[in-house]
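2 protein chains.
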Amino acid sequence: MVTMQDVAERAGVTKQTVSNVITGRVAVRPTTAARVRAAIDELGYTPNLVARSLATGSTRTVGFFVPTVAGAFYGEMVEEVEDVLEEAGHHLLLCTTRLDGERARRHLAGLTSRSVDALLIAGDQDLLGHLPLLSDARFPVVLCAWETEAPDRFPVVTIDYERAGYLAGRHLRELGHRRVAVLASPAHTARVAGFRRAFAADGLTVPDDAVRYAAAPTPAGGFAAAEALLATDPGVTALFTTHDVLALGALEAARAAGRSVPHDLSLIGQDISEVLLTHPALTTVSIPKREMARQATELLLRALTKTGTPANSVQLMRPELIVRGSTAPPAG
Amino acid sequence: MVTMQDVAERAGVTKQTVSNVITGRVAVRPTTAARVRAAIDELGYTPNLVARSLATGSTRTVGFFVPTVAGAFYGEMVEEVEDVLEEAGHHLLLCTTRLDGERARRHLAGLTSRSVDALLIAGDQDLLGHLPLLSDARFPVVLCAWETEAPDRFPVVTIDYERAGYLAGRHLRELGHRRVAVLASPAHTARVAGFRRAFAADGLTVPDDAVRYAAAPTPAGGFAAAEALLATDPGVTALFTTHDVLALGALEAARAAGRSVPHDLSLIGQDISEVLLTHPALTTVSIPKREMARQATELLLRALTKTGTPANSVQLMRPELIVRGSTAPPAG
DNA sequence: CTGCTCCACTTAACCGGTCAAATACGAGGG
DNA sequence: CCCTCGTATTTGACCGGTTAAGTGGAGCAG
Numbered sequence: 005m006v007t008m009q010d011v012a013e014r015a016g017v018t019k020q021t022v023s024n025v026i027t028g029r030v031a032v033r034p035t036t037a038a039r040v041r042a043a044i045d046e047l048g049y050t051p052n053l054v055a056r057s058l059a060t061g062s063t064r065t066v067g068f069f070v071p072t073v074a075g076a077f078y079g080e081m082v083e084e085v086e087d088v089l090e091e092a093g094h095h096l097l098l099c100t101t102r103l104d105g106e107r108a109r110r111h112l113a114g115l116t117s118r119s120v121d122a123l124l125i126a127g128d129q130d131l132l133g134h135l136p137l138l139s140d141a142r143f144p145v146v147l148c149a150w151e152t153e154a155p156d157r158f159p160v161v162t163i164d165y166e167r168a169g170y171l172a173g174r175h176l177r178e179l180g181h182r183r184v185a186v187l188a189s190p191a192h193t194a195r196v197a198g199f200r201r202a203f204a205a206d207g208l209t210v211p212d213d214a215v216r217y218a219a220a221p222t223p224a225g226g227f228a229a230a231e232a233l234l235a236t237d238p239g240v241t242a243l244f245t246t247h248d249v250l251a252l253g254a255l256e257a258a259r260a261a262g263r264s265v266p267h268d269l270s271l272i273g274q275d276i277s278e279v280l281l282t283h284p285a286l287t288t289v290s291i292p293k294r295e296m297a298r299q300a301t302e303l304l305l306r307a308l309t310k311t312g313t314p315a316n317s318v319q320l321m322r323p324e325l326i327v328r329g330s331t332a333p334p335a336g
Numbered sequence: 005m006v007t008m009q010d011v012a013e014r015a016g017v018t019k020q021t022v023s024n025v026i027t028g029r030v031a032v033r034p035t036t037a038a039r040v041r042a043a044i045d046e047l048g049y050t051p052n053l054v055a056r057s058l059a060t061g062s063t064r065t066v067g068f069f070v071p072t073v074a075g076a077f078y079g080e081m082v083e084e085v086e087d088v089l090e091e092a093g094h095h096l097l098l099c100t101t102r103l104d105g106e107r108a109r110r111h112l113a114g115l116t117s118r119s120v121d122a123l124l125i126a127g128d129q130d131l132l133g134h135l136p137l138l139s140d141a142r143f144p145v146v147l148c149a150w151e152t153e154a155p156d157r158f159p160v161v162t163i164d165y166e167r168a169g170y171l172a173g174r175h176l177r178e179l180g181h182r183r184v185a186v187l188a189s190p191a192h193t194a195r196v197a198g199f200r201r202a203f204a205a206d207g208l209t210v211p212d213d214a215v216r217y218a219a220a221p222t223p224a225g226g227f228a229a230a231e232a233l234l235a236t237d238p239g240v241t242a243l244f245t246t247h248d249v250l251a252l253g254a255l256e257a258a259r260a261a262g263r264s265v266p267h268d269l270s271l272i273g274q275d276i277s278e279v280l281l282t283h284p285a286l287t288t289v290s291i292p293k294r295e296m297a298r299q300a301t302e303l304l305l306r307a308l309t310k311t312g313t314p315a316n317s318v319q320l321m322r323p324e325l326i327v328r329g330s331t332a333p334p335a336g
């Protein structure tokens, strides 16, 4: 390992001068700087980032907690976060919590000791119970993709999930649907509430037994729940699913029940990935996840440079309705 | 920030004794240890990992380069890698290269300075040209999911991609297909070669113009290429796609051309994610990506503890044929 | 009582940088 | 010619741990 001291001796200066050349914080005479740079090249010196981190107190690394990266949603967020971090010269330490609170806690505890400069947490399912661990965190923490109530302590950049549900409901209302049902993940309460609001605005209610929760966020889970729903309540003319893979299962179930989409049953989902192309293409409420990730990361970095606590605010990104082929006015 | 020194003073010992209690490397009298532990709890002390890294020379962090995490393939690999690392008490530093060689090079250069203990590189598309940068790496490097020729310097854990193609070809041959075509990503040469070998074994050739390369690894790219293929060469009875999203596009194109799958056209893909459920379900050659990721990571960790260079070997994981509904004997 | 070993702990140096204060040097003004 | 001033470089302490060598006292044999 070639150190700064080695470079210094070779260039006939002290290591402090070498440091000055590298960081550029203090002026160095051009001829000296050239000599130092030559020595750096000849020896193939690269600064030891760990030593630098110890001295400066900054690792230039940001931790990012996500529930999973096996799907497109958080995967894309990770890429966006990484892009922003890279522009700022930071590295990305990734932790996937995998619906496992204990695992999340372990990871969290492992990071609390100066190995990251800041922490971004997406998806509230697993970490929620362990956030108090962070109450004495000395680094900025930002939450994003947060659907449930967030602790006051931390700034949040998330989606207006209630509005996402509302947009779906309003679309179905505008098409004339009255009897509808919802296929949801248990955590998606805000979307369900928004969906209901759209109907309530017209004096209609979405009864509790028209809201079904899938056992698992998989196509199979969506299929089972949708199948049960269509069997017990065949009168519904439209179905709202809060998760893209649930929509896939629902589409299957509709087909299996002999109902053509959209004529016999309208289907509207949330943030259907473009990879999931189906027949017909699914109408969806798009979640601006990349923009959200970018905003959250930039907020985090701003807090890092301003060395103050970040503005304790809640920033809501607006979802957007994308009408494709799976919704139509009800038959008859 | 409470340091080891603070704990030491509180417990009435020196910081070395505190260190001994924490690491357990040197015996400490039980009564003293208890006092130290009490002080740790009272002060809420957590060791500074950066300082420890500087002293020990180990960051307990492993870098992982992948082309992308927006799709399921590498996303699942990331999770598997993380699992193995976590068991060993290591962190994961993630870099996605995003088909951008220059970006990959920058990231690589940023890590060469003691910030990671080891490096795992998956997917050969972007990094290939920059591997010489690693020639003087002081830490273990392992390559995985490597389809092209790998540099001799590094151990490789990858898939027998040639065999993956062969299995697809053999399946079609066993069904009786003679005139077939391939829809490939440009980098998937090994799979195409294996596919050809299966036909060559029966004295048949897959002509060059039956192998089409998609402009982009997207459903749209697959659709365009498959559409062109079916238009110019309507006599093919089966189609092999080397990428899951290409298969989706191909399925669309077959439908658009009025050919029912599998009766008018058999379709076989590679590693179709279970999320991509289609009608009919796609026959596929499954790529054991999680096992591959696990093996590669364990190899890396072994190299880390044995403090020697890892055995410079090539380990090939066997793909597996999964017959579903998209393949059948040719019509007539 | 002396000398030896062993245990438990302390002391001092080190990892490789950064930071702030001190110093050497040359130019300009009186 | 001396003093001042500004710039370029050096000095020494420091970040918070780990490693290796050193020290003091207890226990035991001779």
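Here the protein sequences line up with chains P and Y, keeping their order.
If you count the first sequence from 1, you need to add 4 to reach our numbering.
If you count the second sequence from 1, you need to add 4 to reach our numbering.
For each residue, glycine too, the CB sits at the ideal point set by N, CA and C.
In this text the structure is predicted, and so the values were computed from the model without any measurement.
Straight-line CA distance for residue i to residue j?
i, j, result
"P/Val40", "P/Ser317", "47 Å"
"P/Leu135", "Y/Ala261", "55 Å"
"Y/Asp268", "Y/Glu178", "17 Å"
"Y/Ile163", "P/Thr36", "52 Å"
"P/Arg110", "P/Ser23", "37 Å"
"Y/Leu320", "P/Ala74", "23 Å"
"P/Cys148", "Y/Ala188", "38 Å"
"P/Ile326", "P/Ala154", "28 Å"
"Y/Arg102", "Y/Gly198", "27 Å"
"Y/Leu97", "Y/Pro221", "26 Å"
"P/Ala300", "P/Glu106", "25 Å"
"Y/Ser290", "P/Phe203", "45 Å"
"Y/Ser57", "Y/Ala297", "26 Å"
Within the continuous alpha helix (DSSP H) that includes residue i, where are the two ends?
i, result
"Y/Gly169", "165-179"
"P/Gln299", "293-310"
"Y/Thr18", "Run containing Y/Thr18: none; DSSP gives neither H nor E here."
"Y/Val40", "34-47"
"P/Ala194", "193-204"
"Y/Ala31", "Element bounds for Y/Ala31: n/a, residue is neither H nor E."
"Y/Ala55", "53-60"
"Y/Ala122", "Segment 122-126 is the beta strand (DSSP E) holding Y/Ala122; no alpha helix (DSSP H) there."
"P/Gly225", "223-236"
"P/Arg109", "105-115"
"P/Glu256", "248-260"
Would you say residue i and residue j are within 8 Å of each other, going by their C-beta atoms?
i, j, result
"Y/Leu132", "Y/Thr152", "yes"
"P/Arg294", "P/Glu86", "no"
"Y/Met8", "Y/Lys19", "yes"
"Y/Ser264", "Y/Ala242", "no"
"Y/Val184", "Y/Val240", "yes"
"Y/Thr100", "Y/Thr65", "no"
"P/Gly226", "P/Leu252", "yes"
"Y/Arg142", "Y/Gly173", "no"
"Y/Arg49", "Y/Val11", "One detail in the question is off: residue 49 of chain Y reads as Tyr in this sequence, not Arg. Result yes, Cβ atoms of Y/Tyr49 and Y/Val11 sit closer than 8 Å."
"P/Leu137", "P/Gly67", "no"
"Y/Ala224", "Y/Arg216", "no"
"P/Gln274", "P/Thr288", "yes"
"P/Val120", "P/Thr60", "no"
"P/Val70", "P/Ala31", "no"
"Y/Pro266", "P/Ser117", "no"
Per DSSP, what are the beta-bridge partners of residue i in this structure?
i, result
"Y/His95", "Y/Thr65"
"Y/Ala242", "Y/Val184, Y/Ser270"
"Y/Met321", "Y/Ile163"
"Y/Val70", "Y/Thr100"
"P/Ile326", "P/Thr288"
What span of residues does the beta strand (DSSP E) with residue i cover, start to end?
i, result
"Y/Leu147", "145-148"
"Y/Ile276", "Neither: Y/Ile276 is in no beta strand (DSSP E) and is coded neither H nor E."
"P/Val289", "287-290"
"P/Val215", "215-217"
| query | Taking contact to mean at least 3 C-beta pairs separated by less than 8 Å, is the stretch 226-234 of chain Y in contact with the stretch 242-259 of chain Y? | reply | Touching, yes, given that three or more Cβ pairs across the two stretches are closer than 8 Å.
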